[in-house]
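Residue numbers (the working numbering), protein chains in the order written: chain A, 1 to 246; chain B, 1 to 246; chain C, 1 to 246; chain D, 1 to 246; chain E, 1 to 246; chain F, 1 to 246.
All C-beta atoms in this analysis are idealised placements derived from N, C-alpha and C, irrespective of residue type, glycine included.
To start, the structure itself, in structure tokens.
There are 6 protein chains.
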Amino acid sequence: MLIFQNENSYDVKGKIEKSGVAILPIGAVEAHGPHLPLGTDNYLAERLAAKVAEKTGAFVLPTLPYGQVWSLKNFPGSINVSNESLIGLLVDIGISLHQQGFSMFVMINGHLGNAVALKEAARKLYSDIPEFKVLYLFYPGVKQITDEVRETQSAHASYFHACEIETSYMLYLAEEFVDMSKAITDIPVIPSSADVTPTPWEEFTRSAVLGDAKLATKEKGEKIISVALENMMALINNMRTAPKQN
Amino acid sequence: MLIFQNENSYDVKGKIEKSGVAILPIGAVEAHGPHLPLGTDNYLAERLAAKVAEKTGAFVLPTLPYGQVWSLKNFPGSINVSNESLIGLLVDIGISLHQQGFSMFVMINGHLGNAVALKEAARKLYSDIPEFKVLYLFYPGVKQITDEVRETQSAHASYFHACEIETSYMLYLAEEFVDMSKAITDIPVIPSSADVTPTPWEEFTRSAVLGDAKLATKEKGEKIISVALENMMALINNMRTAPKQN
Amino acid sequence: MLIFQNENSYDVKGKIEKSGVAILPIGAVEAHGPHLPLGTDNYLAERLAAKVAEKTGAFVLPTLPYGQVWSLKNFPGSINVSNESLIGLLVDIGISLHQQGFSMFVMINGHLGNAVALKEAARKLYSDIPEFKVLYLFYPGVKQITDEVRETQSAHASYFHACEIETSYMLYLAEEFVDMSKAITDIPVIPSSADVTPTPWEEFTRSAVLGDAKLATKEKGEKIISVALENMMALINNMRTAPKQN
Amino acid sequence: MLIFQNENSYDVKGKIEKSGVAILPIGAVEAHGPHLPLGTDNYLAERLAAKVAEKTGAFVLPTLPYGQVWSLKNFPGSINVSNESLIGLLVDIGISLHQQGFSMFVMINGHLGNAVALKEAARKLYSDIPEFKVLYLFYPGVKQITDEVRETQSAHASYFHACEIETSYMLYLAEEFVDMSKAITDIPVIPSSADVTPTPWEEFTRSAVLGDAKLATKEKGEKIISVALENMMALINNMRTAPKQN
Amino acid sequence: MLIFQNENSYDVKGKIEKSGVAILPIGAVEAHGPHLPLGTDNYLAERLAAKVAEKTGAFVLPTLPYGQVWSLKNFPGSINVSNESLIGLLVDIGISLHQQGFSMFVMINGHLGNAVALKEAARKLYSDIPEFKVLYLFYPGVKQITDEVRETQSAHASYFHACEIETSYMLYLAEEFVDMSKAITDIPVIPSSADVTPTPWEEFTRSAVLGDAKLATKEKGEKIISVALENMMALINNMRTAPKQN
Amino acid sequence: MLIFQNENSYDVKGKIEKSGVAILPIGAVEAHGPHLPLGTDNYLAERLAAKVAEKTGAFVLPTLPYGQVWSLKNFPGSINVSNESLIGLLVDIGISLHQQGFSMFVMINGHLGNAVALKEAARKLYSDIPEFKVLYLFYPGVKQITDEVRETQSAHASYFHACEIETSYMLYLAEEFVDMSKAITDIPVIPSSADVTPTPWEEFTRSAVLGDAKLATKEKGEKIISVALENMMALINNMRTAPKQN
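Next up, the structure:
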């Protein structure tokens, strides 16, 4: 695997030209219940990035381990950075990558809270450098396989957290950081107002677990992650070959 | 060593209260000649932070691996982020750490280019939260020992780069990333104007090495780093006990 | 219905105290195919707001008719404003409403592209004035009824535009602006990459219609809108009675 | 009259080319005494814009109904937005209009407090797109006719509010929103310091009426507004024909 | 006269308490025709401030010699700074003055182009520190005396420049910088559009003189300036004694 | 000496072309003990600039007399402006100077606290206008001569203040503002933490004097300043002849 920061400046120029693709894992430091570490989203992003890089010949950049953690920022251990700060940093990184000769910048995201910042950063880069390809990937195309694999209903239509699903991801990708003996079942009733008014999660959960973490297995994780990985690779490879439409 | 992102949210609260100190390693991705990796400053910051954390009972946060690399941004492999972006992110992190119960935030910096942003972020935090102790450490108090240890004159009065000194640091702290067989001697003449007008380094060096990297040894690194570590620990411990003067 | 801008300054204070709730319709000027007007999202937001206001005793503020139209900004007639500008304005309005004595600020949104700005503005207001209740409503809770009502598949999992659904909304809420004789069927293949990389819509549609507008009927619109309205009213009424949890 | 948001995207392109001019009515929600509605400045801007559009073949954009209301922001019913937010939004709108093919952007302003933001936005647009013609119009050239028409002295050299003059405007342009039975006479002594230090109007008036609203008549309004309209049309038509001097 | 920057830090505290008032002269570097220097507005502000300070016991701060010069920025010798920069600096200065113990901050302005920035800065200070008195003075209350004194009509209703009037000011306040042998008569026709669209002055004048500078005399200057000075002193003294109304 | 603001707009264009260089003296208003005035840094910058201008044929701009005074902002008489405000203003000035035809912009700085802002402003100008030469000069190259001249050790490795050295500067350059009868000896122990954590100077000094001001002499000042001046002139002249390397 091509680890960008382990390269030296003399050799890297040619390798960038050959590879063309830089992957930035981006996660967060955030409460994930009693059984998962604060760095869960960082480990997931990092391991996913490594797998994608290996199969696509892309470079992996060092992980950006701080993310937008508004909803859980009052839980022990969470570190929150604002969308503004995150967007600024990501745009700067993107501009540098383009100047260094990369043609594609892939952000592999392990934390849903980052989605707004990643999309906005991508649009700003698109506006400044239309020919530069920028992707933001958060487990693309796993809805169907997730529905098949899961044994419990999701606590929320669009987000999941420290639950059967995310714990399974960790068991598959970073098992050494999971303590299943501490896994709990905690399926909160998320009020419908949570989608329409600012709602820090302490209003409906004490554990920050949104589901039945006890049902997590490595196999479930593998099934979903495999689909996510295939989709990521397909998206990257398609974009590599397809000319930018602008 | 207390690795913050490996903690879980249930246990971490009590541990924060007990430790009180969070260390953020911060470096950069930057050209460091043919023999040192692009991530040199990240590895140095990370390894220093680990040593300090072990001896002080502080938590180590995940490394922030992107820094202000204006001077070398046109060299292959460098990734540059602006002071504005960096300051924004650091202030956000500091605010979260304070809300999480930390009483001290120690930035261990591996890259001189970050100095302005770190100091400015610390001042902004001081203005908002005067009782929160914020340190920015870049090899404090090593001037004398460095002068004793070095065999060649420094190419510049205040900065050093990929040279006898920094390569020695790496040999001591992260030897596995150094390729001494590629080390070179390249002592550029830095024009005095470089201190008074914007001067990207390609104006005076092709290698980005400012000195004789061949003279680097693990022992030299250990001598200087030991002094730096002692000073860092003394600064942290003094600040821990001394009441904030505001 | 209480139209805020038709009140005079002498009487309004008491009425604000009695009503407590201000509704801001917010839409956009945006291409909506050959059969719907550029102001479709404004008319929808305005008419929805009027209905909600009538039944809840809320005040209706003048419509904010400019929204974030990134995706369609290159289509004839679209006017795009940035998230930054929109957030700034919405936060200012929210602060004034709170100072005027309102306890709740309800943004009724007719344009999906505004969602990020509305949520961010709501969070900023929550951070500054935690006791002030801020809602952002975009057809809440209509997924099931929409699935029942629609005859064609949606062209995209999360957005719809100028199609069977939105045209039905207009037929129910603002029929006088619809020209069904010009309605077209245009179901584009939206590439999966559109969810992961900046993709102006001209890359996959010429009409800006995402579906079969010919199938739109007033009755379909009424069915879905009725559910949306019930949900909006329930959300507002629940929040009115429930004490803010902070 | 060409109402922009009632056009459809298919037809609008050709019409823009033919018309060339977009008019944005901009007002405010602001206390206007007991006899005039909070939306007075919006109604005035809107009705003026309609008249100008009809005679010049310009498009009328939807009204921007929120303005800078610093001086009266503590009066019941006022909603204040900052110059920064307003400038941002207006510049965004202007850029879009230019991209859509308009050659002239006319802001018809009903609220003096917006004057700074409009001028600044126009200058920013001028700097970015020098060939784009941007006008900001606030009853141009009515000094003489106003002096002739008015029966009472103005309470202030440069602003008027809810008084003989503005009430006459409303009687002529939007009579249905005026309640002359509530009109009052209230000629405050405005201290000379009000021009040289921040002075919220509650320091010198309780009613927000600056004059004798009882003397207002439709005829007075018509006389002044007719001059204003003629001047607006002349300014627009002259600018249309005259080549931009840059 | 109390020149602030000539005081030492030991004595100044007591003197600030006694005086209470700080005067900031603010001007610009701007083209003023062939007979007046680029620093005209700086000299005027500085000399006015000295006279006011002498009679009121106020401190004079060092002159801020850079101003907003949008209209004349393309004329030889003009230096333009943006409203944003100017506002930022003035707010910073105001905050410091308040922290230093001043109760009043008087900006004596020699350049009309600064008016927007000064007013905005004053409002920001008012919002942050309501009890701090901030004045922005630009020849207050001289309209009548100017009309009496002048022999030629003004070229524009609200601004004058390097003309009979401003040249007379300089002859009275800073005669040593005036070269009357070069004074010219140049009364441009300023198009009415100049008040409603961004209009750099090169569109209507080559000289930057707006009037008949040849008619300027020291006596005319003295007459008008004397009134301005009296008004300034009255405003300052009234505000000193009157309690702030908030 | 060419004083920019004393030129008139008619003659200045040709003179700018001939001279090519604009010097901006920049200082601060800051506590300097009992014997030196608050404006010490302004007087030093101004007098240095005059000497440099005379020998190089450069223009001297009016002094910017407000600087970043974070460390001493709580001392009587200090006025602090933020880095952001200062950078904004300096960039604006630089852009204007370039548009006016200057090829070099030399900031002669009398206050160390401005160093960050000056360097950042220079880099922003370099990024926007690479061919425009921007210098920031703070007593360049005086380390050796200072070490020779001084009789007491410096209280700090990188800064000096109101001490033997700076007082000597003033005695040589602006003797009329120095009151040696009030000079004191006050050599504080500056804690090493002052270099690594925000440390307002009141934490270690009451006088703001960092050394033995009594030892100051005009001769010492002359010796050091002469070297500084030679270096400044050499830097300017070299940069004048050398083509910009970009």
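Original post:
Helix, strand or coil: which one does DSSP assign to B:VAL81?
Top reply: Numbered from 1 along the second sequence, position 81 holds the residue referred to as residue 81 of chain B. Three-state DSSP puts B:VAL81 in coil, outside helix and strand.
Subject >> Contact with chain A by B:GLU120, beta-carbon distance below 9 Å >> reply: Taking the first residue of the second sequence as position 1, residue 120 of chain B is located at position 120. So no, B:GLU120 is outside the interface.
**OP:** Return no unless some Cβ of chain G is closer than 9 Å to the Cβ of B:PRO65.
**Re:** Absent from the structure: chain G. Protein chains present are A, B, C, D, E and F.
Subject >> Short CB-CB distance (under 9 Å) between F:GLN100 and chain E >> reply: Translated into positions along the sixth sequence, residue 100 of chain F becomes position 100. Answer yes: the Cβ-Cβ gap between F:GLN100 and chain E drops below 9 Å somewhere.
Original post:
Does the separation of the CB atoms of E:LEU38 and E:GLU30 fall below 9 Å?
Top reply: Within the fifth sequence, the letter at position 38 stands for residue 38 of chain E. Within the fifth sequence, the letter at position 30 stands for residue 30 of chain E. In this structure, E:GLU30 lies closer than 9 Å to E:LEU38 by Cβ.
Original post:
Closer than 9 Å, Cβ to any Cβ of chain F: which residues of the region 46-65 of chain E, in chain order?
Top reply: LEU61, PRO62, THR63, LEU64 and PRO65
Original post:
Can you check whether the CB of E:VAL116 is closer than 9 Å to the CB of E:GLN153?
Top reply: Taking the fifth sequence and counting its residues from 1, the one referred to as residue 153 of chain E is at position 153. Taking the fifth sequence and counting its residues from 1, the one referred to as residue 116 of chain E is at position 116. Not closer than 9 Å, so no.
Subject >> Any C-beta of chain F under 9 Å from that of B:ASP128 >> reply: Here residue 128 of chain B refers to the residue found at position 128 of the second sequence. No, B:ASP128 does not count as interfacial toward chain F.
Subject >> Chain-ordered neighbours of B:MET239 on chain F, where CB pairs are closer than 8 Å >> reply: In the second sequence, the residue the question calls residue 239 of chain B occupies position 239. Ordered by position in chain F, the residues that pass the 8 Å Cβ test against B:MET239 are SER193 and THR197.
Original post:
Taking 9 Å as the CB-CB limit, is C:ILE187 close to chain D?
Top reply: Numbered from 1 along the third sequence, position 187 holds the residue referred to as residue 187 of chain C. Answer no: the Cβ-Cβ gap between C:ILE187 and chain D never drops below 9 Å.
Original post:
For C:VAL209, which three-state DSSP category applies?
Top reply: Along the third sequence, one-based indexing puts residue 209 of chain C at 209. C:VAL209: coil per DSSP, three-state reduction.
Original post:
Taking the Cβ atom as the reference point for each residue, do D:ASN8 and C:HIS161 lie within a distance shorter than 9 Å?
Top reply: Along the fourth sequence, one-based indexing puts residue 8 of chain D at 8. Along the third sequence, one-based indexing puts residue 161 of chain C at 161. Cβ distance not < 9 Å, so D:ASN8 and C:HIS161 don't count as in contact.
**OP:** Find the residues of chain B that neighbour A:TYR10, judging by a C-beta separation of less than 7 Å, and give them in chain order.
**Re:** Residue numbering aside, residue 10 of chain A sits at position 10 when the first sequence is read from its first letter. Per Cβ cutoff of 7 Å: PRO34.
Subject >> Straight-line Cα distance separating B:LEU44 from B:ARG150 >> reply: For the purposes of this step, residue 150 of chain B is taken as the residue at position 150 of the second sequence. For the purposes of this step, residue 44 of chain B is taken as the residue at position 44 of the second sequence. Approximately 19 Å between the Cα atoms of the pair.
**OP:** Out of D:ASN231, D:ILE190, D:ASN6 and D:PHE132, point me to the one whose CA is closest to D:SER158's CA.
**Re:** In the fourth sequence, counting from the first residue as 1, residue 158 of chain D sits at position 158. Residue D:ILE190 is the option with its Cα nearest to D:SER158.
Original post:
If you run the structure through DSSP and keep just helix, strand and coil, what is E:SER96?
Top reply: The sequence position of residue 96 of chain E within the fifth sequence is 96, counting from 1. Of the three classes helix, strand and coil, the one that applies to E:SER96 here is helix, per DSSP.
Subject >> Rounded C-alpha distance that separates E:ARG206 from E:SER192 >> reply: Residue mapping note: residue 206 of chain E aligns to position 206 of the fifth sequence, counting from 1. Residue mapping note: residue 192 of chain E aligns to position 192 of the fifth sequence, counting from 1. Taking the straight line joining both Cα atoms gives about 18 Å.
**OP:** Could you tell me whether the region 50-57 of chain C touches the region 83-100 of chain C, using the rule of 3 or more Cβ pairs below 8 Å?
**Re:** no
Original post:
Nearest chain F C-beta to E:PHE177 closer than 9 Å, yes or no?
Top reply: Reading the fifth sequence from its first residue, position 177 is the one you call residue 177 of chain E. With 9 Å as the cut-off, E:PHE177 counts as an interface residue toward chain F.
Original post:
With 16 other CB atoms within 10 Å as the buried threshold, where does D:ASN246 fall?
Top reply: Indexing the fourth sequence from 1 puts residue 246 of chain D at position 246. Any reading at D:ASN246 must be qualified, since the residue scores a pLDDT of 44, below 50, and its modelled position is unreliable; no value is offered.
Original post:
For E:MET1, which residues from the same chain have a beta carbon less than 7 Å from its beta carbon, with the 5 sequence-adjacent residues on both sides left out?
Top reply: Here residue 1 of chain E is taken as the residue at index 1 of the fifth sequence, counted from 1. Answer for E:MET1: ALA50, ALA53, GLU54 and VAL60, listed in chain order.
Subject >> Cβ-Cβ separation, E:TYR169 to E:ILE236 (assumed contact under 8 Å), whole Å >> reply: As a position in the fifth sequence, residue 236 of chain E is number 236, starting the count at 1. As a position in the fifth sequence, residue 169 of chain E is number 169, starting the count at 1. With a Cβ gap of about 20 Å, E:ILE236 and E:TYR169 do not count as contacting.
Original post:
For C:ASN109, which three-state DSSP category applies?
Top reply: As a first step, residue 109 of chain C is located in the third sequence; it is residue number 109 there, counting from the start. Residue state, collapsed to three classes: strand.
**OP:** Can you check DSSP and say which residues form a bridge with A:TYR136?
**Re:** By 1-based counting over the first sequence, the position of residue 136 of chain A is 136. BP columns for A:TYR136 point to A:MET107.
Original post:
In terms of residue numbering, what span does the alpha helix (DSSP H) encompassing C:ALA157 cover?
Top reply: For the purposes of this step, residue 157 of chain C is taken as the residue at position 157 of the third sequence. No alpha helix (DSSP H) contains C:ALA157, which DSSP labels as neither H nor E.
**OP:** Output, in chain order, the set of chain D residues within a Cβ distance shorter than 7 Å of E:TYR136.
**Re:** Within the fifth sequence, the letter at position 136 stands for residue 136 of chain E. The contacting residues are VAL196.
Original post:
Hey, E:LYS220 and E:ILE184: beta-carbon distance below 9 Å or not?
Top reply: The residue you call residue 220 of chain E lines up with position 220 of the fifth sequence. The residue you call residue 184 of chain E lines up with position 184 of the fifth sequence. Not a contact, by the Cβ cut-off of 9 Å.
**OP:** Taking only beta-carbon positions, decide if E:GLN245 is within less than 9 Å of chain D.
**Re:** Translated into the one-based positions of the fifth sequence, residue 245 of chain E becomes position 245. At E:GLN245 the pLDDT is 48, less than 50, meaning the model places this residue with poor confidence; the figure from the coordinates comes in the next sentence. Yes, because at least one Cβ of chain D sits closer than 9 Å to the Cβ of E:GLN245.
Original post:
For C:TRP70, which residues in chain A fall below 8 Å Cβ to Cβ?
Top reply: If you number the third sequence from 1, residue 70 of chain C lands on position 70. The contacting residues are ARG123.
**OP:** Take C:PRO188 and list the residues in its own chain whose beta-carbon comes closer than 7 Å to its own, dropping the five residues that flank it on each side.
**Re:** Numbered from its first residue, the third sequence carries residue 188 of chain C at position 188. Excluding positions up to five away in sequence, the list reads ALA155, PHE204, THR205 and LEU210.
Subject >> Contact the region 195-203 of chain F vs the region 92-108 of chain F: 3+ CB pairs below 8 Å >> reply: no
**OP:** Could you tell me if E:GLN144 is buried or exposed, where buried requires 16 or more neighbouring beta carbons within 10 angstroms of its beta carbon?
**Re:** As a first step, residue 144 of chain E is located in the fifth sequence; it is residue number 144 there, counting from the start. The residue in question, E:GLN144, is exposed, as its Cβ has fewer than 16 Cβ neighbours within 10 Å.
**OP:** Work out the CA separation of C:ILE23 and C:PHE102 for me, nearest whole Å.
**Re:** In the third sequence, counting from the first residue as 1, residue 102 of chain C sits at position 102. In the third sequence, counting from the first residue as 1, residue 23 of chain C sits at position 23. Straight-line Cα distance between these residues: approximately 10 Å.
**OP:** Anything in chain D within Cβ reach of E:LYS133, meaning under 7 Å, just list it in chain order.
**Re:** As a position in the fifth sequence, residue 133 of chain E is number 133, starting the count at 1. Those within 7 Å of E:LYS133 in chain D are THR197.
Subject >> For D:VAL189, the three-state DSSP class (helix, strand or coil) >> reply: As a working mapping, residue 189 of chain D is identified with position 189 in the fourth sequence. Looking at D:VAL189 - three-state DSSP - the assignment turns out to be coil, as it is neither helix nor strand.
Subject >> Limits of the beta strand (DSSP E) - the one that D:VAL21 falls within >> reply: For the purposes of this step, residue 21 of chain D is taken as the residue at position 21 of the fourth sequence. Taken as a continuous stretch (DSSP letters only), the beta strand (DSSP E) holding D:VAL21 covers 21-26.
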